[in-house]
Structures are given as C-alpha cells and as structure tokens.
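Undergrad: Chains as they are written, first to last, in this note's numbering: chain P, 8 to 348; chain V, 24 to 305. C-beta: ideal position from N, C-alpha, C; glycine also.
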Amino acid sequence: MGVVTVDLKMLNVWVEGLIRGGRVFGVQAKNNRFQFAPLLMAANLRLDYDVTVIPPKKYMQPAREDLLTFEGAAGFETCLDQEPFILIGVHPYDVAAIAQMDAVFSGDNVDVHYMTRRKQATVVACDVQAASANVFAGCMGTATVDKGFDILLTRVGDHYVVDSRTHKGEVILGNLVKAPKADAVSLARREQVWEDNRKYLRKHELRMAPETLPTLLEASCDHPVWEEKSQRCFSCGSCNMVCPTCYCFDVRDDVRWDLKGGARVRDWDGCMLRDFATVAGGHNFRKNRADRYRHRYYRKGKYMPAKIGHISCVGCGRCISACVTKIANPVEVYNRLLEVR
Amino acid sequence: MAQTRSSQEKDIYRPEPATLAKVQPVTEMESFFELRLDSGKELGHMPGQFVEVSVAGIGEAPFGVSSSPTRQGSFHLLLRRVGNVSSALHRLKAGDKVGIRGPFGKPFPVDDAMKGQDILFISGGIGLVPVRSVIQYVFDHRRDYGAVTILFGTKSPADRLFVDETDEWKRQPDTVYLESVDRADASWKGNVGVITTLMPKITIDPVRTVAVICGPPIMYKFVLMELNKMGVPSERSYVSLERHMKCGVGKCGHCQINGLYACQDGPVFRYSDLIPVREAFR
Numbered sequence: 008m009g010v011v012t013v014d015l016k017m018l019n020v021w022v023e024g025l026i027r028g029g030r031v032f033g034v035q036a037k038n039n040r041f042q043f044a045p046l047l048m049a050a051n052l053r054l055d056y057d058v059t060v061i062p063p064k065k066y067m068q069p070a071r072e073d074l075l076t077f078e079g080a081a082g083f084e085t086c087l088d089q090e091p092f093i094l095i096g097v098h099p100y101d102v103a104a105i106a107q108m109d110a111v112f113s114g115d116n117v118d119v120h121y122m123t124r125r126k127q128a129t130v131v132a133c134d135v136q137a138a139s140a141n142v143f144a145g146c147m148g149t150a151t152v153d154k155g156f157d158i159l160l161t162r163v164g165d166h167y168v169v170d171s172r173t174h175k176g177e178v179i180l181g182n183l184v185k186a187p188k189a190d191a192v193s194l195a196r197r198e199q200v201w202e203d204n205r206k207y208l209r210k211h212e213l214r215m216a217p218e219t220l221p222t223l224l225e226a227s228c229d230h231p232v233w234e235e236k237s238q239r240c241f242s243c244g245s246c247n248m249v250c251p252t253c254y255c256f257d258v259r260d261d262v263r264w265d266l267k268g269g270a271r272v273r274d275w276d277g278c279m280l281r282d283f284a285t286v287a288g289g290h291n292f293r294k295n296r297a298d299r300y301r302h303r304y305y306r307k308g309k310y311m312p313a314k315i316g317h318i319s320c321v322g323c324g325r326c327i328s329a330c331v332t333k334i335a336n337p338v339e340v341y342n343r344l345l346e347v348r
Numbered sequence: 024m025a026q027t028r029s030s031q032e033k034d035i036y037r038p039e040p041a042t043l044a045k046v047q048p049v050t051e052m053e054s055f056f057e058l059r060l061d062s063g064k065e066l067g068h069m070p071g072q073f074v075e076v077s078v079a080g081i082g083e084a085p086f087g088v089s090s091s092p093t094r095q096g097s098f099h100l101l102l103r104r105v106g107n108v109s110s111a112l113h114r115l116k117a118g119d120k121v122g123i124r125g126p127f128g129k130p131f132p133v134d135d136a137m138k139g140q141d142i143l144f145i146s147g148g149i150g151l152v153p154v155r156s157v158i159q160y161v162f163d164h165r166r167d168y169g170a171v172t173i174l175f176g177t178k179s180p181a182d183r184l185f186v187d188e189t190d191e192w193k194r195q196p197d198t199v200y201l202e203s204v205d206r207a208d209a210s211w212k213g214n215v216g217v218i219t220t221l222m223p224k225i226t227i228d229p230v231r232t233v234a235v236i237c238g239p240p241i242m243y244k245f246v247l248m249e250l251n252k253m254g255v256p257s258e259r260s261y262v263s264l265e266r267h268m269k270c271g272v273g274k275c276g277h278c279q280i281n282g283l284y285a286c287q288d289g290p291v292f293r294y295s296d297l298i299p300v301r302e303a304f305r
C-alpha cells in the first residue's frame, strides 16, 4: 500500500472513474454551505470545504431507514442495504466519529443494519483545508487521524498526497497505483499540514485534557451551568441531529396504503427533545430542560467513555453552529465547570 | 437505495411470531394475556425480565413477563391500556398473532442473593405484574426460601389483580399476604391507605429479608424510606424500574438512567447500587 502524489487533474479523472463505477457520495456546496450528497461529476467535489451541515453518519445510520417489513399480523423480514458505496472527503474528526459509531453498533448486540452498510462503505478521508467557524478538533485529538479510513487525501500545494491503508482502498485506487510515489518533500509538507491542523483547528480552546472530562463531570451534577444554559434551550434537538456521535433512535411502524403490510422504520431521535424519556401514560422521566441538557453533556463526556472508551465529542463544532440560542458550545460548558461556582 | 432481504445474519430487531392463547379482561383498564411462541420453544426468561411485544402496523413496546419460568408451556402478560401497543393488544383475541423479542434485562436474583432468605414483596398497582413471576418462582421452589410476606396496594378494590391467585397465596405455608386500597368502596373491609400503611403491620427479620419492590415511580421513595426505618439494608432491596426500553438491546438511548441502561443493567436493580444514581427515582 503506497503513498503517491497526484495533481488536481489526475485526481479529477480518478473521481470520474469512481463515479462511473458505482455509488459515490462526496462533499459539495449547497447554497453557501456544504453537504455530503450523491456525486454526479468530479467537478462538484469540494475538498476545500470547512464542515458539512450534517455529518456522514447519515450513510451508515440514515435519518430514516426500514429495519423490517411485515405482511399481515406477523412475518417480519429483515431489510438490509447491501450496495457498496464510496464516501469522499470525510474530515478526520468525522472519521473518528465513525469509528465510535462502529464500536457502538458492533458492541455486545451487533446491529446488522448499521454494520451491513458500514461493511459496504469505502471511506476516502481528506485532511482539513479550511477551518470552520467553530471547529475545535485540535483540542479533542481529532484534527488528524491515522486509522479508520481506507484512503487519506492531503492537499500539499498544487497536488494531493494519496495514502491508501486498506484492501478496500487498494481496490478503488485503480490507475493511481501508477502515480509517482510521494517524495520526501511532499511527505514533509503533509507532516506540516497535520501539525498546522492540530495547532489551528481550535476556534474554541478547551482548558483541560479531554481524558479528564469523566472525572470533572463526576463532581459537577449540581453545577449552576446546567440551569443557566438550559434556560434558553428550545428543546429543538438541533444539536443532536447535527452531531456525528449522536445515534439515539426512535422506531415506529409505517403502514402501507392497502393496510395489509408495511415497514418498521427507524428514525433519528434526540435526548434534548422533550418527550425522549416519556413512557406510555405520560410520565416523563426527564421532564426538566436542565436535566435533558445535562444528560447530553454527561453522555458525551462520561457515559459514552465508560461504554466505548472515548469522549463522544470529536470537536466538529456543528452543535455550536446549529444552536439557535447559542447555548450548545461544549467547550464553553466544560470550561465553565472548571470555574468555582 | 437497494433493499435486499437476508435471513442469514441475526437481526436483533426482528421479532419471532407468537400466538395469543388467551385474552381476558381483568379490570376496566387491564387485561391478562397468555402467549405461546410459534416455534414451540419456551420463552426462556427469568423472573423480572421483560419482552418486546410487536403488533404489526402499530409498533413495539416492552412489558414485564408475569409468569414464572417454572410454569412451562406458555407465558403471561398483564397490560394496562395506556399506550399505542397496549391498546392495540386489548383489541386482539385468542388465536391472534403478535411478535416477540427477548427476554431482555437483568432478573431478580432468585437463584443467588434471594436464596435461603425471607422474602418481602411490595408492589403497587400493575407493579404486581412482574413481581408475580418472582412470587410463583418462590412458591415453586418453596423450600429454597424462608418466610414470605406479600404486600399489595391498589387505588381501589376494583383495581386488584390476580384476585383468585392472591387468595391461594394467603394459604401458602409460612406466608403473610396483606393488601390495601387507597380508596375503599362499600364492600371493602380491609386496610385503607397507601401501601406504606401496611408496613408497620408486619414482622420481619430485617437482616434475613430480601425486599422485592415494584410500583409506580412515586411509591419507591416512601417504601424505601420505610424499609430503612425497619432496618432492611439497602443491599438487600431490589427494585424494578419502569423506563421506555424501546430497543431492549442497549442502543436506542431511551431507557437511560444516568449512565445505566434500564434494558441491560436493569430493569431490576439493587437499591444500594442506585443510591448515587440521581435519575433513578423520579
């Protein structure tokens, strides 16, 4: 598995080839922002993007998916999406998030729906070229990654360093195998990109090592920040929806027009939504906004680390941008916990 | 996107077919259901575990199993008509098909911490439903346990559940069965008041007793306070907590109690383990 350099024209030709070969999703401009969407021509690919509105988790865990179909009263059948696809342009923080979701859905009870899609995915990552307004991946150790992708693209000057790390990566490299091997200068420049990204993808500065968060949170249940911030929370769930490590879901039955069958459907859900913890009969086990607000930060900083061994925040900053009332900045919240009450 | 079907890999969300063997109204709001898996296999549960019941087209919901695994051939549910799925189940009749996933969750420690001990059962309303599974299990292994005390509280005499069976419980050896209603009617001659008013009426050896508790959220606080006064250590009290255990397999997030998942770490918890868990009783 080699590291090669390609110029922009060659990269374009390669992407055109991938598009002809199958399903490709890539980062593209939409109005004045960016999104992952089906890539129809290489010219639309925007590897110079800052951040996408919705993370690429939507290809492994779609916002809405059929889990099962049913005919009549019983007879549930599993639906699986088994068509291979390529994701192009995944930033390192999103690569880290996908690795966390893999741990969640492959751990104890394997979720065959997620894992089937995941196995079909070839991830072409791309180092960040433009910092978004609220990125803080540099503080979370996710500004760069060395695993979790199949190919890593890094722009150095007027060409890209293409680094294939897996069999899946090799399979889609095609003609790029014959591209010139990356020389010492290109590799050194890539090293510089990594160093810069670790240094500059810090629009907000976390004043602690992320690993210390579980301990900090342990002692912060009654900190006034939960009440203060949540007073302005609309419980809209935007922070949940744009988060690359939020995976909570709702399941419901969707009946076909003839009323004889239908599908059991899974949708994204969010712990900040008012009725997330409500049971039949109407009792809501987390009815206060402050409790829901705290739950989200505890989940990211304490509960998930206990479950999968990582802080479940990768510093993408999407929640900060999505929050209407500007209360969802995790760095602000966690820094505030360091202050004396 | 192309959807293809596969039965090769195990799908944790796919229910297996079961048939309602019996559906019987019990109170105005509650009905009793007897079910059999179409595979002919036993459910394979332990007392305190729950199943996810599917009514195709309506959805799926978690319910505690009400019968003991010692009573083979079928299993029991008793449901209050409050949600979409429980209401749909009330419209079904014997012979109708449903889907079942499970059993899920941690059971009451019938074969370890409870063995050889006196058992105090405290249930309010439909909290008796999962507790009945434990009671049956204990009576079916009667020599493995000491004295049995059963306290059952309901809103009114008409809300009492398993009335024929509770009459049998009274006649079991070394067993005390007491019940109370919040509001009496003309026919009621028994105790009136919340369930804690029964607690001063019983005599237990607090360090030989294991308490099994299930009821509405409000009940736990007062019952646990009373047990504390009686000297029952928190390590010897077990509660079954209600949450929306939507997926049953620790994924969907709905049943989380702080860092715990009711569907995997519970629904049965040792009270002492919950003391630092602030979302447990609310």
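L74(P) CB to nearest chain V CB: under 8 Å?
TA: Reading the first sequence from its first residue, position 67 is the one you call residue 74(P). Yes - at least one Cβ of chain V is within 8 Å of the one on L74(P).
Undergrad: What are the boundary residues of the beta strand (DSSP E) that P40(V) is part of?
TA: Taking the first residue of the second sequence as position 1, residue 40(V) is located at position 17. It spans E39 to P48 - the beta strand (DSSP E) in which P40(V) sits, taken as one unbroken run.
Undergrad: According to the Cβ coordinates, are I123(V) and L43(V) closer than 8 Å?
TA: Within the second sequence, residue 123(V) is the residue found at index 100, counting from 1. Within the second sequence, residue 43(V) is the residue found at index 20, counting from 1. Result no, Cβ atoms of I123(V) and L43(V) do not sit closer than 8 Å.
Undergrad: Classify S89(V) as helix, strand or coil using the three-state DSSP reduction.
TA: In the second sequence, the residue the question calls residue 89(V) occupies position 66. Of the three classes helix, strand and coil, the one that applies to S89(V) here is coil, per DSSP.
Undergrad: Can you list, in chain order, the residues of its chain with a C-beta nearer than 6 Å to that of A303(V)? Leave out the 5 residues immediately preceding and following it.
TA: Position 280 of the second sequence holds residue 303(V). The answer, listed in chain order, is I280 and L297.
Undergrad: Exposed or buried, G164(P), counting other C-beta atoms within 10 Å across all chains shown (16 or more means buried)?
TA: Stepping through the first sequence from its first residue, residue 164(P) is reached at position 157. Exposed, since its Cβ has fewer than 16 Cβ neighbours within 10 Å.
Undergrad: Spell out the partners DSSP gives T177(V) in its beta bridges.
TA: Counting from 1 along the second sequence, the entry for residue 177(V) is found at position 154. T177(V) is bridged to V204(V).
Undergrad: Using CA atoms only, rank isn't needed, just tell me which of L94(P), G145(P) and K185(P) is closest to L159(P).
TA: On the first sequence, position 152 is the one that residue 159(P) refers to. Ranking L94(P), G145(P) and K185(P) by Cα distance to L159(P) puts L94(P) first.
Undergrad: How would you write the range of the beta strand (DSSP E) that K120(V) sits in, first residue to last?
TA: Within the second sequence, residue 120(V) is the residue found at index 97, counting from 1. That run of the beta strand (DSSP E) goes K120 to F127.
Undergrad: Could you check how far apart the C-beta atoms of E83(V) and V108(V) are, in whole angstroms? I think they sit under 8 Å.
TA: Your numbering for residue 83(V) matches position 60 in the second sequence. Your numbering for residue 108(V) matches position 85 in the second sequence. Confirmed, Cβ separation roughly 6 Å.
Undergrad: Just the Cα atoms here: how many angstroms apart are Q107(P) and Y305(P)?
TA: Position 100 of the first sequence holds residue 107(P). Position 298 of the first sequence holds residue 305(P). Their Cα atoms are separated by approximately 16 Å.
Undergrad: Can you list, in chain order, the residues of the region 233-245 of chain V whose Cβ is nearer than 7 Å to any Cβ on chain P?
TA: Under the 7 Å Cβ criterion, the region 233-245 of chain V contributes P240.
Undergrad: What three-state label does DSSP hand T189(V) in the structure shown?
TA: One-based indexing of the second sequence puts residue 189(V) at position 166. Here T189(V) sits in helix by DSSP.
Undergrad: Determine, using beta carbons only, whether G22(V) and S263(V) come nearer to each other than 8 Å.
TA: This structure leaves residue 22(V) out entirely; chain V is present only between 24 and 305.
Undergrad: Where do the ends of the alpha helix (DSSP H) carrying V4(V) lie?
TA: Since the first and last residues shown for chain V are 24 and 305, residue 4(V) lies out of range.
Undergrad: Could you give the first and the last residue of the continuous alpha helix (DSSP H) run that contains G176(P)?
TA: Start at 1 with the first residue of the first sequence, and residue 176(P) comes out as number 169. Start and end: H174 to L180.
Undergrad: So, does the CB of Y310(P) fall closer than 8 Å to a CB anywhere in chain V?
TA: On the first sequence, residue 310(P) is found 303 positions in, with the first residue counted as 1. Interface residue, yes.
Undergrad: Going by DSSP in three states, H166(P) sits in which element: helix, strand or coil?
TA: Indexing the first sequence from 1 puts residue 166(P) at position 159. In this structure, H166(P) counts as strand in the three-state DSSP scheme.
Undergrad: Report yes or no: do three or more beta-carbon pairs, one from the region 181-201 of chain V and one from the region 37-51 of chain V, lie closer than 8 Å?
TA: The answer is yes - the region 37-51 of chain V touches the region 181-201 of chain V, with three or more Cβ pairs under 8 Å.
Undergrad: Keeping to the same chain, check which residues put their C-beta closer than 6 Å to that of F245(V); ignore five residues upstream and five downstream.
TA: Numbered from 1 along the second sequence, position 222 holds the residue referred to as residue 245(V). So the qualifying residues of the chain are T219.
Undergrad: Can you list, in chain order, the residues of its chain with a C-beta nearer than 6 Å to that of G62(P)? Leave out the 5 residues immediately preceding and following it.
TA: As a first step, residue 62(P) is located in the first sequence; it is residue number 55 there, counting from the start. Reading the sequence as shown, one finds Pro at residue 62(P) and not Gly. Around P62(P): D101 and P251.
Undergrad: Does any residue of chain P bring its CB to less than 8 Å from the CB of Q26(V)?
TA: By 1-based counting over the second sequence, the position of residue 26(V) is 3. With a pLDDT of only 48 at Q26(V), under 50, the local geometry of the prediction cannot be trusted, and the value read off the model is given with reservation. Answer yes: the Cβ-Cβ gap between Q26(V) and chain P drops below 8 Å somewhere.
Undergrad: My assumption, with CB atoms under 8 Å, is that A81(P) sits in contact with K120(V). Please give the rounded CB distance.
TA: Sequence index remark: in the first sequence, residue 81(P) carries index 74 (1-based). Sequence index remark: in the second sequence, residue 120(V) carries index 97 (1-based). About 4 Å separates the two Cβ atoms, so the contact holds.
Undergrad: Using three-state DSSP, classify E218(P) as helix, strand or coil.
TA: Here residue 218(P) is taken as the residue at index 211 of the first sequence, counted from 1. Reduced to three states, the DSSP call for E218(P) is helix.
Undergrad: Along chain P, which residues have their Cβ under 8 Å away from the Cβ of S109(V)?
TA: Within the second sequence, numbered from 1, the residue matching residue 109(V) stands at position 86. In chain order: A287.
Undergrad: Taking all protein chains shown into account, decide if V230(V) is buried (16 or more other Cβ within 10 angstroms of its Cβ) or exposed.
TA: Sequence index remark: in the second sequence, residue 230(V) carries index 207 (1-based). Its Cβ having fewer than 16 others within 10 Å, V230(V) is exposed.
Undergrad: For H290(P), decide whether its Cβ has a neighbour in chain V, counting only Cβ atoms nearer than 8 Å.
TA: As a first step, residue 290(P) must be located in the first sequence, where it is residue number 283. H290(P) counts as touching chain V.
Undergrad: Kindly indicate the opening and closing residues of the alpha helix (DSSP H) around S110(V).
TA: Position 87 of the second sequence, counted from the start, is the residue given in the question as residue 110(V). Counting along the chain, the alpha helix (DSSP H) containing S110(V) begins and ends at N107 to H113.
Undergrad: Determine the closest residue to V78(V) out of M69(V), H113(V), R103(V) and S90(V), with distance taken between C-alpha atoms.
TA: As a first step, residue 78(V) is located in the second sequence; it is residue number 55 there, counting from the start. Closest option to V78(V), Cα to Cα, is H113(V).
Undergrad: At a Cβ cut of 7 Å, what residues of the region 24-57 of chain P count as close to chain V, listed as they run along the chain?
TA: Listed by position along the chain: nothing, the set is empty.
Undergrad: Using a threshold of 8 Å, state whether the C-beta atoms of P153(V) and S54(V) are closer than that.
TA: Position 130 of the second sequence, counting from 1, holds the residue named residue 153(V). Position 31 of the second sequence, counting from 1, holds the residue named residue 54(V). No, these two residues do not count as a Cβ contact at 8 Å.
Undergrad: Less than 8 Å between CB atoms is the rule here; does I81(V) satisfy it with respect to chain P?
TA: Within the second sequence, residue 81(V) is the residue found at index 58, counting from 1. Closer than 8 Å: yes.
Undergrad: Please decide whether T222(P) counts as near chain V, where near means a Cβ-Cβ distance under 8 Å.
TA: Locating residue 222(P) in the first sequence gives position 215, counting from the first residue. So, not an interface residue.
Undergrad: Scan the region 288-305 of chain V for residues whose Cβ lies nearer than 8 Å to a Cβ of chain P and list them as they occur along the chain.
TA: The region 288-305 of chain V vs chain P, Cβ under 8 Å: R301, E302 and R305.
Undergrad: Among D229(P), V258(P) and C246(P), which one has its Cα closest to the Cα of R301(V)?
TA: As a working mapping, residue 301(V) is identified with position 278 in the second sequence. Nearest option by C-alpha distance: D229(P).
Undergrad: Give every residue of the same chain whose Cβ lies closer than 7 Å to the Cβ of V255(V), excluding the five residues on either side of it in the sequence, and list them in chain order.
TA: The residue you call residue 255(V) lines up with position 232 of the second sequence. Once the five neighbours on either side are set aside, the close Cβ partners of V255(V) are P229, T232 and A234.
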